[in-house]
Amino acid sequence: MAVFAHPDDEAFGTGGTLTKYAAEDCDVYLVTATRGEAGQIAEPDLATPANLPYVREQELRCACQTYGIHPPRFLDYQDGQLPIVNQGQAVGRLVRIIRELKPQVLITFGPDGIYGHYDHIAVHHWATIAVELAADPDCFPDQLAGGCRPHQVSKLYFRALPESQVAAMSEDGKPAAVMMDGVPFYFVGRRDDEITTVIDVSDYVETKLRGIQCHATQVGRHNRFSDTPDQVIGEPWFRYEHFVLARSAVGWPQAVETDLFAGLRRERSADRTR
Ligand SMILES: [Zn+2]
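In short: position in the sequence shown from 1, add 2, done, that's the working numbering.
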């Protein structure tokens with residue numbers, strides 16, 4: 003299960019991973035807090051401000067279908083407002099979904115929010131707390147009365163950008179940033195020794211590209227992903243997706259992991275060695 007803030011948050015850094023695990027017959031779910039209606043419309047004929055929430059929902063549905071994962075679940079919050087919504091209610095909604103879907107692995111933003119976006123940081127806090135509380139029978143007991151059982155997520159991951167990738171994104175010697183209200187929010191890179199997990203998604207890059215194209219109101223019809231796909235596919239940042247293991251109920255890796263389910267596949271690996 004992945005938990006993000008906006009439609010397209012899943013696309014660039016986790017689209018390959020979601021696709022890979024769906025292809026391996028995992029049940030993969032995406033929870034998105036908003037419909038991304040506060041963002042810019044890349045091309046004016048693709049949407050209007052009034053129908054943008056609907057259009058972006060359809061774009062995310064298109065992306066999920068492309069990745070081969072379940073349709074998205076929305077927390078139904080307003081884009082740009084996540085730090086000021088009722089935090090207990092938001093965490094409660096996530097706890098309920100975790101208890102319902104019982105994910106073994108959960109992916110969300112790290113405390114950096116990739117580039118410090120306050121919606122991303124809010125979702126990071128919600129998901130991290132929800133993982134703790136979902137396992138606690140004393141939390142949200144009204145949910146348990148409704149038949150919802152406590153659930154322990156085995157591994158919690160934060161999506162991460164390696165420092166080398168952030169450096170490669172800089173232009174004209176300026177650090178890479180996303181402009182919000184005229185202010186640059188800089189991408190935050192993680193040192194190599196902080197990255198615990200690298201997923202090779204080389205076999206799924208075409209699907210990842212198609213997932214990105216679903217988000218047309220955000221990326222436009224013409225972009226480097228549509229115009230020079232072979233170049234994008236050849237870039238290491240596109241073929242490898244990076245994570246930091248933040249909580250684990252199944253031990254800690256001695257070396258860089260290449261599988262989010264490492265430590266959760268004992269029976270399968272035992273079968274192989276027989
Ligand atoms: Zn976002």
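Beta carbons are placed, not taken as given, at the ideal position from N, Cα and C, and that holds for glycine.
- Pairing I197 with H8, the inter-Cα distance amounts to about 24 Å.
- Under DSSP, V5 forms a beta bridge with V33.
- Assignment of beta-bridge partners to G191 by DSSP yields L163.
- Nearest Cα to L54 within the set D194, P73, Q220, K176: Q220.
- Only residues of its own chain outside the window of five on either side were considered, and among them A49, T219 have a CB closer than 6 Å to the CB of I43, listed in chain order.
- Check the Cα spacing between I100 and each of Q154, C64, A52: the tightest is with Q154.
- Taking 8 Å as the cut-off, the C-beta of F76 does not count as close to any heavy atom of ligand 1.
- Only residues of its own chain outside the window of five on either side were considered, and among them G115 have a CB closer than 6 Å to the CB of I123, listed in chain order.
- In the same chain as L158, and ignoring 5 residues on each side of it, the C-beta atoms closer than 6 Å to its own belong to L108, V133, A248, R249, in chain order.
- DSSP, reduced to helix, strand and coil, places I116 within a helical segment of the structure shown.
- Nearest C-alpha to S204 among F6, T19, R192: T19.
- Beyond the five residues adjoining it in sequence on each side, Y120 comes within less than 6 Å, by CB distance, of P85 in the same chain, given in chain order.
- Scanning its chain for C-beta atoms nearer than 6 Å, with the 5 sequence neighbours on each side dropped, one finds around K22 the residues V203, Y206, in chain order.
- Put simply, the backbone Cα of R212 is about 42 Å away from that of A147.
- By the beta-carbon neighbour count (other beta carbons within 10 angstroms, threshold 16), E173 is exposed.
- When rounded, the separation of the alpha-carbon atoms in A178 and T110 is 22 Å.
- Distance between F240 and L163, taken at the CA atoms: about 11 Å.
- Bridge partners of T199 according to DSSP: F245, E259.
- Note on the segment 128-181: whole beta strand (DSSP E) runs with a minimum of 3 residues are 157-164, in chain order.
- Apart from the 5 residues on each side of it in sequence, Q233 sits with its Cβ closer than 8 Å to the Cβ of R226 in its chain, given in chain order.
- Relative to ligand 1, the nearest heavy atom lies less than 8 Å away from the CB of H122.
- For the options V57, Y69, C216, the alpha carbon positioned closest to that of V30 is the one of Y69.
- Residue side-chain check: H119 places its Cβ nearer than 8 Å to a non-hydrogen atom of ligand 1.
- Remark: C-beta atoms of G94 and A40 do not approach each other more closely than 9 Å.
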